[in-house]
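Here the structure comes first, spelled out in structure tokens, and everything after it is commentary.
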Amino acid sequence: MAIYVTSDAHGHVRALDEALSKISLTSDDTLYVLGDMIDRGPDPVGVIKLVRSLPNAHVLKGNHEQIMLDAIIGQDPLDAETWDINGGWTTREQLNDMEFEAYEELVRWMATLPLYAVAETDERSYLLVHAGIQTEAARAFLLEHGVDCADGAGAVDADRELLQQMLAVQSSDDLLWIRHGYWDASTGLLSAEGNGPVVVSGHTPTVSLGRYCEVGGLAGLDEESGRGRIVRLGGEDTAGVPDRIDIDCAAATGSEFGRVGILRLDDGAEFYANIRPGE
Numbered sequence: 001m002a003i004y005v006t007s008d009a010h011g012h013v014r015a016l017d018e019a020l021s022k023i024s025l026t027s028d029d030t031l032y033v034l035g036d037m038i039d040r041g042p043d044p045v046g047v048i049k050l051v052r053s054l055p056n057a058h059v060l061k062g063n064h065e066q067i068m069l070d071a072i073i074g075q076d077p078l079d080a081e082t083w084d085i086n087g088g089w090t091t092r093e094q095l096n097d098m099e100f101e102a103y104e105e106l107v108r109w110m111a112t113l114p115l116y117a118v119a120e121t122d123e124r125s126y127l128l129v130h131a132g133i134q135t136e137a138a139r140a141f142l143l144e145h146g147v148d149c150a151d152g153a154g155a156v157d158a159d160r161e162l163l164q165q166m167l168a169v170q171s172s173d174d175l176l177w178i179r180h181g182y183w184d185a186s187t188g189l190l191s192a193e194g195n196g197p198v199v200v201s202g203h204t205p206t207v208s209l210g211r212y213c214e215v216g217g218l219a220g221l222d223e224e225s226g227r228g229r230i231v232r233l234g235g236e237d238t239a240g241v242p243d244r245i246d247i248d249c250a251a252a253t254g255s256e257f258g259r260v261g262i263l264r265l266d267d268g269a270e271f272y273a274n275i276r277p278g279e
């Protein structure tokens with residue numbers, strides 16, 4: 001009964017399938033997919049079909065899914081151009097080849113995807129979002145509801161329902177797009193003893209984290225493979241426990257740096273599959 005999280009496959013269905021084969025997902029396990037299934041890579045619709053075929057898979061909307069929806073059902077003619085600029089041509093071409101009923105069903109399904117989830121292990125809660133959270137707003141909401149995170153107390157007393165309510169009032173733009181103001185500062189949700197909720201997100205390729213925070217040299221690259229890896233941030237004031245985890249392993253960059261990564265929340269185990277040349 002394990003809980004797994006992955007994100008940002010960006011059309012690389014072969015690598016996602018390989019990574020999934022390493023965890024041997026069963027009907028007793030839960031998999032959270034934190035968006036950006038589509039665009040850039042060669043088979044975005046294949047990624048969607050694979051994800052939807054999995055037992056107990058919970059899918060969140062990423063900024064690329066939102067860009068696609070804006071281009072298809074939005075009113076701004078510039079939305080289609082924005083989609084192309086962000087690698088949407090691979091998705092558009094595959095959608096155009098679908099039967100209308102299947103196309104319509106896929107778009108309707110994608111439009112209903114949630115922006116957040118809260119997963120719980122025996123040890124703690126995990127806040128799952130595509131990009132990150134606005135931490136000041138999160139702490140202010142919790143304070144209004146009786147949970148004071150100040151002075152190293154953290155959000156230890158916030159139960160799952162309250163954490164879900166807090167995420168529900170976050171800006172959708174932040175949940176889908178935030179980088180500055182999230183990666184470069186502690187969330188304040190962990191106590192000095194390392195207890196409380198941890199945020200897990202994708203969106204920012206770990207090979208690019210140095211643009212948004214101090215991660216130390218090439219921390220976003222796996223030393224052995226030279227590819228993107230899962231990165232944990234924080235811990236300096238929380239007994240070594242990181243308060244943010246980035247699981248975007250740069251699949252969108254292709255075969256030079258890219259991998260699909262999967263994180264098991266129960267014990268922190270990591271599983272990877274490389275993007276191959278030509279993918």
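Taking our numbering as reference, the numbering of the sequence shown is continuous, increasing by one, and the terminal residue is 279.
Where a beta carbon is used, it is the ideal one built from N, C-alpha and C, also for glycine.
Cβ-Cβ distances below 8 Å link R160 to V118, E120 and S125 in the same chain, with the five nearest sequence neighbours on each side left out; the list follows chain order. Per DSSP, reduced to three states, the secondary structure at E120 is strand. Annotated three-state conformation of V13 is helix, per DSSP. W183 is classed as buried because its beta carbon has at least 16 other beta carbons within 10 Å across all chains shown.
Within the region 59-132, the runs of beta strand (DSSP E) that reach at least 3 residues and sit entirely inside it are, in chain order, 116-120 and 125-129. Within the DSSP bridge table, the entry for N274 names R259 as partners.
Annotated three-state conformation of S21 is helix, per DSSP. Rounded to whole angstroms, the Cβ separation of H58 and A251 is 20 Å, and the two are not in contact under 8 Å. In the DSSP assignment, D173 falls within the unbroken alpha helix (DSSP H) covering S172 to W177. Annotation: N86 to N274 spans about 22 Å, alpha carbon to alpha carbon.
In the displayed model, I3 falls within a strand according to three-state DSSP.
Straight-line spacing of the CA atoms in D246 and G228 works out to 10 Å. Taking the C-beta atoms as reference points, P197 is found nearer than 8 Å to A158.
Under the three-state reduction of DSSP, I245 is assigned to strand. Annotation for T30: the continuous beta strand (DSSP E) segment containing it runs T30 to V33.
By the Cβ test, the region 234-243 is not in contact with the region 1-10, since fewer than three Cβ pairs between them sit closer than 8 Å.
About 15 Å separates the beta carbon of I230 from that of T253, a gap too long to meet the 8 Å contact definition. Under the three-state reduction of DSSP output, V51 falls in the helix class.
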